[in-house]
Amino acid sequence: MPPTEQILQNTLEHSSSMEIDIYDDKGKAHHMHPKIPSRILSKGKDLREFHYMIHQRQWVLDEQALKEVAIYQNNLNGPIPWEFGRLSELQQVYLWGNQLTGEIPTSLGNWTHLQRLELARNQLSGTVPLEFGKMQQLRWLSLSDNHLVSGSSGLSILKVLTNCSGLEILDLGSNYLTGILPISIGRLSNSLSVLGLYSNEIGGNIPDEIGNLTNLTTVCLDANRFKGTIPSALSKLPNLERLTLDTNNLHGRIPKSFGQSKRLGLLSLSENMLSRQIPDSLGKLPQLRRLYLDHNQLSGKIPASLGRCKTLEMVYLLHNKLTGNMPPEVAGLQNLQFYFNVSGYLLQGSILEMSKMIMVLAIDVSQNNFSGSIPSALASCKGLEYLNLSGNAFEGPIPASLSDLENLKYMDLSCNNLSGTIPVAFKKMKMLQHLNLSSNRLTGEVPKRGAFATLDASEVMKSLGLCGGWINLSPCSHPNHKHPSVSKKVIIPVVVGIAIFIMSLLLVVVSYRSCRHSSVPALNVWPPKISYEELVNATGRFNDENLLGMGSFGSVYKGILKNGKNIAVKVLKLQDEHAHQSFSRECNALKRVRHRNVIKIILACSNLDFKALILAFMSNGSLEKWLYPPEGGICKLNLSDRLRLAMEIAQGMAYLHHYYFVQMIHCDLKPSNVLLGDDMTSYIADFGLSNIIFANSMDSLTSTDALKGSVGYIAPEYGMGGNLTTKGDVYSYGILILELLTRKRPTEDIFGEGMNLQKWIEMHFPNRISDVVDNSLLIDAHESETSIVMECLTQFIQIGLFCTRESPQEQPDMTKIIDILNTIRGAFLGTPKNPQLPIDITPFIDNERNMKMPKKENRGSSSLSTS
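Okay, here's the thing in structure tokens:
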């Protein structure tokens, strides 16, 4: 008998009442003595024994000694056996984070002594048994993140739970519950402190009776279909600490009575239809840390009283109709640690006071009417990583002091009236990845070294007067030793001055029109053009020897321009009825790209019978060719390479989803559409299927007309006619990650009859991932590194599995994926200030939810807790 099995058998044989820990290193089912201990606590990663026992009915049910079962975050699967309900002495049950399926047995209602039941994060379906109303000692019920539905009688479960007089935690979030919130909710236990009904499909008004639950500390009703106004009863709950009502259909004003919620730390009302002014009373909240009011129809001025909320860490006010000056009291909040976003308004005045936000990570005041000079004192915001001042009326020189922002990764100063030269000191900004200075009145030479070595000329070329060795920029003239005649000394400067004045005036007008935000941003700015004859010569008359590849909308050729620059020429098949649309999409999608991991259009050629896009030539081809070299070839990408590539692709996608001038959905992310440059930097390419989303557009894009993407990479909801969203790209990215690690295409023959790439991997995850990952990743590892490599692969795979969850609501966005990869890479490479492997990446996945939810308890599964 194996040692592990012997330990298990001996422990179960001689323990009828003591606490025991069960470990299994292989997940093998064992025939064990059926004596029941009082408590079974699992810390293993792949425990199957308990599941085996309850399925084989080997419990000695008449002993009735079992008090607690805690087998969470394992691989238990199949339905919960009906016989399990006969263990009537159970007091604590933790089965969350498994793969349990089927309906919840009504027999569980026999657990009359049960105090805590956690079945969250499984795949349970059907309705919540009304028999749960018999559990009169129940204090904690967590059924979140399943597939539960309401019955024919609606949310009757809330009615029967009124019998549970000691109920403190109720979490039914992330299911498919429908119906209207009954007024009987006000008769739930007065001990109830946490109510979680988030991410369901519950509609109707929020009843005033919810105000009867005076001990509530956390109320999460977000991501539902609630309508009507926010009941003032919510704002009068004396112990309320966290309230999330975002992503509903609520209208009307924000109740002034929220000023009475002295303990309120998180208030999230974003993505509704709330109007009128932000109430001054919010400034009376001494504990307020996070305020989300974005994507509403709020108007008027930002109340200066918010400046009294000294504990504020994060403020989201973007996409409303706010006007007036930025109150210095708000701009000077010194404890802001994360994000201050007031973009997309008609705000005006100075931002000098923002230099007091010395702890803030991100400032976005883009698309407003702020004026004056950019304060040099912003350099005091030492932790700043993201700075967006674009689309305003800032003037004067760019402060050289901004180069002291050592952590700055993203800076956008475009579409202003800035003048003078680009500070040479910017070269020392080692962390800078994105810099946009276009559409200003800058002059002088563009630096070439340091941070500028990785930037593209398109970032600065719209600024009249700039020169240097960049594409589309004139070389800088240097004084020679010849002395022109007096007439030339006078005439030339006058002529040049007049020309510059006229061009500057035109540029200001064009910049103003292109930079001002509008309901539908202008998309008629085309890339510089090249003639057909030049392309014919560059490609050797489109010789097959220069053919790089063929796609559904055309062919790609290698070419060499007269100046010796290598290019890629994408020629569209005009006989295809979709080719014209694809050409327009790519022009619109790529013409203003400003990211090192997204391909850029250099030139375009368009006439009645020929259309081509000219892109930068990528000497290392596509990621697909590196993953699948010709027969006999070896994949040369090691684990560090694949982590880096995954990070770069995620950064490019995050830019398109969250930081581009409009939101863009790629729709066809896969290895063949990721190109690799000379230094193996990855570039997202092929935007022929891309869709552009306008922030102010009310039109939803659906996939019913044409299924977007490639087979194997298409998000499941697209196949059912669902809306096109960024989460479709997240799903494709997840498949790409899994393919990157396994070198298995999602369309391979082994995936059929209900099986796919992610399900195949899940069958081996986490204990047998060596059976699915690319062998070369394990062969290259030294013996001393094997455990580290396996931990890294486990968590790398977990990212792909998170991204390919069936429900888009359960998938992380690209910014969260970047956070995860940063942590994993840092831990794998042993970078200082990073944790050692293994690490828990689950909090990263639900980070946005966690900003609105309390921290999860270590032992429990609930998305909500009192901690």
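Under numbering that gives the first Met the number 0, the letters of the sequence shown match residues 0 to 866, in that order. Ideal Cβ placement from N, Cα and C applies to all residues, glycine included.
Item: Candidates F795, S231 and S143: which alpha carbon is nearest R824's?; Value: F795
Item: So what does F609 bridge to, in DSSP terms?; Value: N606
Item: Applying the 10 Å Cβ sphere with the 16-neighbour rule, what's the burial state of N73?; Value: buried
Item: Assign N637 to one of three DSSP states: helix, strand, or coil.; Value: coil
Item: What would DSSP say about I21, mapped onto helix, strand or coil?; Value: For I21, the predicted model reports a pLDDT of 37, less than 50, meaning its position is unreliable and no value from the coordinates is stated.
Item: By Cβ distance, which residues of its chain are closer than 7 Å to N523, with the 5 residues on each side in sequence left out?; Value: Caution is warranted here: a pLDDT of 35 is assigned to N523, below 50, making its placement in the model unreliable, and the coordinate value is therefore given only provisionally. Nothing listed; no residue qualifies.
Item: DSSP has V92 in a bridge; who is on the other side?; Value: V68 and L116
Item: So, helix, strand or coil for P78, using DSSP?; Value: strand
Item: Is the beta carbon of D773 sitting closer than 8 Å to the one on R744?; Value: no
Item: If contacts are defined as beta-carbon pairs under 8 Å, then G895 and L180 qualify, I think. What distance do you get, rounded to the angstrom?; Value: What the structure shows of the chain is the stretch from 0 to 866, and residue 895 is not part of that stretch, so it cannot be assessed.
Item: Please check the pair V127 and L147, which I expect to be a contact at CB under 8 Å, by giving their CB distance rounded to whole angstroms.; Value: 6 Å
Item: State buried or exposed for Q810, treating a residue as buried only when at least 16 other CB atoms are found within 10 Å of its CB.; Value: buried
Item: Out of curiosity, what's the CA-to-CA distance linking Q122 and L644?; Value: 33 Å
Item: Can you give me the start and stop residues for the beta strand (DSSP E) that A361 sits inside?; Value: A361 to D363
Item: Considering only the alpha carbon of each residue, which of V68, G178 and G676 lies closest to L622?; Value: G676
Item: Terminal residues of the continuous alpha helix (DSSP H) containing Q794?; Value: T785 to C802
Item: Hey, I664 and G727: beta-carbon distance below 8 Å or not?; Value: yes
Item: Strictly by DSSP, which residues pair up with I683?; Value: V597 and V673
Item: Just verifying my parser: in three-state terms, what is the DSSP assignment at R275?; Value: strand
Item: Buried or exposed: which applies to V867, given that a residue is buried once 16 or more other Cβ atoms fall within 10 Å of its Cβ?; Value: Because residue 867 is not part of the residues shown, which for the chain are 0 to 866, the question remains open.
Item: Short of 6 Å in beta carbon distance, which residues of its chain neighbour A714, apart from the five on each side in sequence? Order them along the chain.; Value: G727 and Y730
Item: G651: buried (16+ other C-beta within 10 angstroms of its C-beta) or exposed?; Value: buried
Item: Suppose you measure from the CA of L142 to the CA of R85; what does that come to, to the nearest Å?; Value: 21 Å
Item: Taking the alpha-carbon positions, what's the T701 to A399 distance?; Value: With a pLDDT of 41 at T701, under the threshold of 50, the modelled position of this residue cannot be trusted, and the question is left open.
Item: Can you give the beta carbon distance from A361 to F393, rounded, assuming they're within the 8 Å contact cut?; Value: Not quite, the Cβ-Cβ distance comes to about 18 Å (not below 8 Å), so this is no contact.
Item: With distance defined between alpha-carbon atoms, name the residue in P396, D293 and W81 nearest to E102.; Value: W81
Item: Taking the straight line between their C-alpha atoms, what separation do you get for L266 and H294?; Value: 14 Å
Item: Using a 10 Å radius around the Cβ and a threshold of 16 neighbouring Cβ atoms, would you call A452 buried or exposed?; Value: exposed
Item: Report the CB separation of V218 from L239 in whole angstroms; it is logged as a contact under 8 Å.; Value: 7 Å
Item: Start and end of the beta strand (DSSP E) containing I168?; Value: I168 to D170
Item: DSSP state of Y732, grouped into three classes?; Value: helix
Item: Is it the case that the Cβ atoms of Y223 and N199 are separated by a distance below 8 Å?; Value: As written in the sequence, residue 223 is Asn, which differs from the Tyr given in the question. Closer than 8 Å, so yes.
Item: So does the segment 350–359 actually touch the segment 629–644, counting three or more Cβ pairs closer than 8 Å?; Value: no
Item: Can you tell which of L94, Q91, E67 and L99 has the C-alpha that lies nearest to the C-alpha of R76?; Value: It is worth fixing the name first, because residue 76 is Asn in this sequence and not Arg. For N76, the nearest C-alpha among the options comes from L99.
Item: Got a sec? Which residues, its chain only, sit under 7 Å from C308 by beta carbon, not counting five neighbours each side?; Value: G282, L284 and L287
Item: Drop a sphere of 10 angstroms on the beta-carbon of C666, count the other beta-carbons inside from all chains shown, and report buried for 16 or more, exposed for fewer.; Value: buried
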